[in-house]
Amino acid sequence: MKYFTISEMLKSDTALKMRIWNGATKEHEENLRALIENVLDPLREQYGHPIYVTSGYRCPKLNNLVNGAPNSQHMRGEAADITGGSPAENLKLAQMIAESGKFDQMILEEVGPNDLLPQWIHITWKRNGWNRKNILKKVIGKAGYITVDVANSFPISRKKEPAACATGSLTKIMKRILLYFFSLRLRATR
Ligand SMILES: [Zn+2]
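According to my numbering, the sequence shown is numbered sequentially starting from 165.
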């Protein structure tokens, strides 16, 4: 663990206010460590700026208080809510996560009806079991989650095209060089 700590994953203002002991079991802490080492630390390294955890582990009592889903991964230490400080920064983080392909579930929380600018990102990792790599969004004022079409949603993914064009022209150049030498050889053998 380089950038994130277990204690910041256990910290909760609500728990402090309500005098709840938000203690995790050994297994939950191992799950948090796996989330940090596999997802959060590499993301932080690539992003290059601070990332804030607004909610990490939640004991069942705390999860109830913050209206978490009844089966929330926060209660298993598999989830964190993170932000880079603004919806635009969160979109950058979401793009990086999507491109890394190393996550279980990512929810872009409270985006606008016509944008992908999340108020925060819910990100999960399973130490034991299959990491689904599914990306959902929750639109402000609407109930339920919608699957995000990654290929058509993230500008960074589309930015990869010029690189593909560049390798395309490089191949063309290589082909021309090869053809040139081939023609020289043809001439030589004639
Ligand atoms: Zn969450």
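In this text, a Cβ means the ideal position worked out from N, Cα and C, and glycines have one as well.
Predicted model, so just to flag it, every value in this text is computed and none were measured.
Does the beta-carbon distance from residue i to residue j come in below 8 Å?
i, j, result
"His192", "Tyr221", "yes"
"Trp284", "Thr218", "yes"
"Asn295", "Asp268", "yes"
"Ile215", "Leu257", "yes"
"Ser317", "Leu280", "yes"
"Leu196", "Met173", "yes"
"Arg271", "Lys306", "Reading the sequence as shown, one finds Ile at residue 271 and not Arg. Not closer than 8 Å, so no."
"Tyr211", "Met165", "no"
"Val203", "Lys266", "yes"
"Glu209", "Arg291", "no"
"Thr169", "Gln237", "no"
Tell me whether residue i, by its Cβ, gets closer than 7 Å to a heavy atom of ligand 1.
i, result
"His238", "yes"
"Asp268", "no"
"His213", "no"
"His192", "no"
"Ala243", "yes"
"Ser219", "yes"
Compare the Cα-Cα distances from residue i to each of the options and report the closest residue.
i, options, result
"Ile200", "Lys225, Gly187, Phe346 and Ser171", "Ser171"
"Asn186", "Asn227, Thr288 and Asn292", "Asn227"
"Cys223", "Ala179, Arg340, Asn298 and Ser264", "Ala179"
"Glu242", "Ser347, Met182, Glu263 and Lys190", "Lys190"
"Ala198", "Phe346, Arg240 and Pro234", "Arg240"
Which same chain residues, not among the five before or five after residue i, have their C-beta less than 7 Å away from its C-beta?
i, result
"His213", "Gly248"
"Glu274", "Pro282, Gln283, Lys302 and Ile304"
"Leu229", "Thr178 and Met182"
Looking only at its own chain, which residues have a Cβ that is under 6 Å from the Cβ of residue i, when we skip the five neighbours before and after it?
i, result
"Ile184", "Lys225 and Leu226"
"Asp245", "Thr218, Ser219, Trp284 and His286"
Less than 7 Å between the CB of residue i and some heavy atom of ligand 3, yes or no?
i, result
"Pro282", "Absent from the structure shown: ligand 3. Ligands present: ligand 1."
Sorted by chain position, which residues of the same chain lie with C-beta nearer than 8 Å to residue i's C-beta, five sequence neighbours on each side aside?
i, result
"Leu300", "Gln269, Met270, Ile271, Leu272, Tyr309, Ile310, Thr311 and Val312"
3-residue-minimum beta strand (DSSP E) runs that sit fully inside the stretch 267–311, ordered along the chain: With a minimum length of 3 residues, the continuous beta strand (DSSP E) runs that stay inside the stretch 267–311 are 269–275, 284–288 and 298–303.
Quick check on the DSSP output: what are the complete beta strand (DSSP E) runs of length 3 or more inside the stretch 169–257, in order along the chain? Here the runs fully enclosed are 216–219 and 243–247.
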